[in-house]
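**Student:**
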Amino acid sequence: MSNKLQLAVIFGGKSSEHEVSLMSAASIIENLDREKYDIHQVGITKEGQWLLYDGPVEGLGDGRWLNESVPAFLAPDPTVHGLVALGEGGPRTVHIDCVFPALHGKNGEDGSIQGLFQLAGVPYAGCHVTSSAVCMDKAITHTLLSNTDINQAHYLWFYADRYRAAPEVVLNKIQARLDFPIFVKPANAGSSVGVSKVERPEDLPAAIEKASLEDGKVIVEQGIDGQEVEVAVLGTRPGAEASCVGEIGASAQFYDYDDKYVNGTSQLYIPARLPEDVAERVRETAVKVYRLLGCSGLARVDFFVTHEDRQVVLNEINTLPGFTSISMYPKLWMHGGLSYSQLLDRLIELGLEEARNG
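For the sequence shown, our numbering gives the first residue as 197, with consecutive numbering after it.
Structure, rendered in structure tokens:
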């Protein structure tokens with residue numbers, strides 16, 4: 197057996213961000229040091245089937261991984277400590293030292309697959325079960341942080357079935373508590389999927405319906421007039437470090453899915469166009485949020501800095517941010533002198549360290 201670290205990179209998944217995951221995984225695989233790692237490429241189809249793919253990384257983009265692979269899955273039994281592959285010669289086990297999940301959205305960064313990693317006894321990069329679940333659910337994130345001194349937009353949340361049962365009650369409550377424009381979002385979804393900016397009360401029902409197609413819980417937030425900025429946080433919970441602040445000059449009405457991954461038309465400013473003292477406040481708040489929510493490994497923390505009085509207002513936290521070539525998380529660390537490959541090494545080391553420390 198090789199003396200290199202046996203690393204599984206898991207991608208795809210049953211999620212609205214399946215395609216983004218393939219892009220992130222391809223970037224990760226291309227930048228991993230082959231001198232250090234034996235890489236096992238594990239794809240999950242949109243139907244949820246697990247496949248072990250041994251072909252070139254280009255196969256992730258053109259779909260070859262779906263056909264040139266064998267069924268395989270991560271065994272929840274820790275004595276296996278890895279994959280069970282179902283090839284023509286019968287089942288075989290593949291020992292895995294660490295997993296790097298390149299999964300975004302539902303079933304990937306909501307704690308569900310992290311629970312499987314825990315059961316399997318295999319170390320993994322990124323946040324643990326509880327912090328992943330808490331940060332994925334915007335309603336829970338907001339509610340937990342409402343007892344702290346972290347500034348957040350005014351918000352309310354409700355279950356979609358509650359809205360369908362009594363739409364007028366919910367609509368009246370939104371209009372009584374929040375001023376337009378407001379944002380209507382699925383509580384559990386990523387990359388701005390299902391999100392609408394709403395300027396008028398009559399547009400609320402369509403926006404709520406759109407959000408409820410993605411999740412059974414809907415959150416409504418007050419629009420904030422400010423610069424949209426992001427910070428990459430790296431490290432254990434007590435040892436967390438913040439990158440410099442990046443800024444997004446969105447080309448659309450807000451930084452949506454197409455802007456992030458399809459058009460790539462938004463202007464990114466690294467570092468952000470902020471006075472030094474404000475940037476430092478943003479960085480300090482990012483680390484504070486990361487620690488309060490129990491994060492470890494990595495997270496990208498997104499804020500608004502208000503135009504009027506430079507208030508730092510939390511937007512959301514993302515525990516498995518994009519890792520494509522145009523993604524903010526790796527770009528922020530590269531600006532700080534950490535190469536993409538070094539960043540991946542650090543995340544894998546952190547996963548192994550967390551596992552050792554229990």
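Cβ atoms here follow ideal geometry from the backbone N, Cα and C, with glycine treated the same way.
In terms of DSSP beta bridges, what is His236 paired with?
**Tutor:** DSSP output for His236 lists Ala204 as bridge partner(s).
**Student:** Would you kindly report the start and end of the unbroken alpha helix (DSSP H) that includes Tyr320?
**Tutor:** Taken as a continuous stretch (DSSP letters only), Tyr320 belongs to no alpha helix (DSSP H), as it is neither H nor E.
**Student:** Would Lys242 be called buried (16 or more neighbouring beta carbons within 10 Å of its own) or exposed?
**Tutor:** Exposed is the call here.
**Student:** Just grab the DSSP bridge partners of Val391 for me.
**Tutor:** Paired residue(s): none; Val391 is not in a bridge.
**Student:** Can you round the beta-carbon distance between Val380 and Ala407 to whole angstroms, since I take them to be within the 8 Å contact cut?
**Tutor:** Indeed, because the Cβ distance is near 5 Å, the residues count as touching under 8 Å.
**Student:** Bridge partners for Gln538 per DSSP, in chain order?
**Tutor:** Answer by DSSP bridge pairing: none, since Gln538 is not bridged.
**Student:** Quick one: Cα of Leu546 to Cα of Leu539, how far?
**Tutor:** Using only the alpha carbons, I get a separation of about 11 Å.
**Student:** Name the one or two DSSP bridge partners that Val351 has.
**Tutor:** A small correction: the amino acid at residue 351 is Tyr; Val does not occupy that position in the sequence shown. DSSP, once it has assigned bridges, lists Glu417 as partnering Tyr351.
**Student:** Nearest by alpha-carbon distance to Tyr320: which of Thr289, Ala349 and Gly278 is it?
**Tutor:** Out of Thr289, Ala349 and Gly278, Gly278 has the C-alpha closest to the C-alpha of Tyr320.
**Student:** Starting from Thr337, follow the alpha helix (DSSP H) in both directions and report where the run begins and ends.
**Tutor:** Segment Lys334 to Leu341, the alpha helix (DSSP H) holding Thr337.
**Student:** Name the two residues that bound the continuous beta strand (DSSP E) containing Arg288.
**Tutor:** First-last of the beta strand (DSSP E) with Arg288: Gly286 to His291.
**Student:** Is it true that the CB of Leu256 sits closer than 8 Å to the CB of Ala221?
**Tutor:** Yes, they are a contact pair.
**Student:** Between which two residues does the alpha helix (DSSP H) carrying Ile522 extend?
**Tutor:** No alpha helix (DSSP H) holds Ile522; DSSP gives it neither H nor E.
**Student:** When the Cα atoms are used, what is the spatial distance from Lys302 to Ala436?
**Tutor:** Rounded to whole angstroms, Lys302 to Ala436 spans 25 Å at the Cα level.
**Student:** Are the CB atoms of Leu299 and Glu305 nearer to each other than 8 Å?
**Tutor:** Yes, they are a contact pair.
**Student:** I need the DSSP call for Leu548, collapsed to helix, strand or coil.
**Tutor:** Of the three classes helix, strand and coil, the one that applies to Leu548 here is helix, per DSSP.
**Student:** By a C-beta neighbour count over all protein chains shown, 10 Å radius and 16 as the cutoff for buried, is Ser211 buried or exposed?
**Tutor:** That one is buried.
**Student:** Would you tell me roughly how many angstroms separate the C-alpha atoms of Val501 and Ala361, rounded to the nearest one?
**Tutor:** Val501 and Ala361: Cα-Cα distance of roughly 37 Å.
**Student:** In the structure shown, what three-state DSSP assignment does Cys294 receive?
**Tutor:** Correct three-state label for Cys294: strand.
**Student:** Nearest-angstrom Cα distance between Leu341 and Leu488?
**Tutor:** Computed Cα separation, rounded: 8 Å.
**Student:** Let's see if you can read the secondary structure: which residues bound the beta strand (DSSP E) around Pro382?
**Tutor:** Start and end: Ile378 to Pro382.
**Student:** Gln463 by DSSP, collapsed to three states: which one?
**Tutor:** Here Gln463 sits in strand by DSSP.
**Student:** Mind checking which residues open and close the beta strand (DSSP E) that includes Arg496?
**Tutor:** Start and end: Gly493 to Thr502.
**Student:** Going by CA-CA distance only, name the one from Asp345, Ala495, Val474 and Cys440 that's closest to Gly532.
**Tutor:** That would be Cys440, whose Cα lies nearest to the Cα of Gly532.
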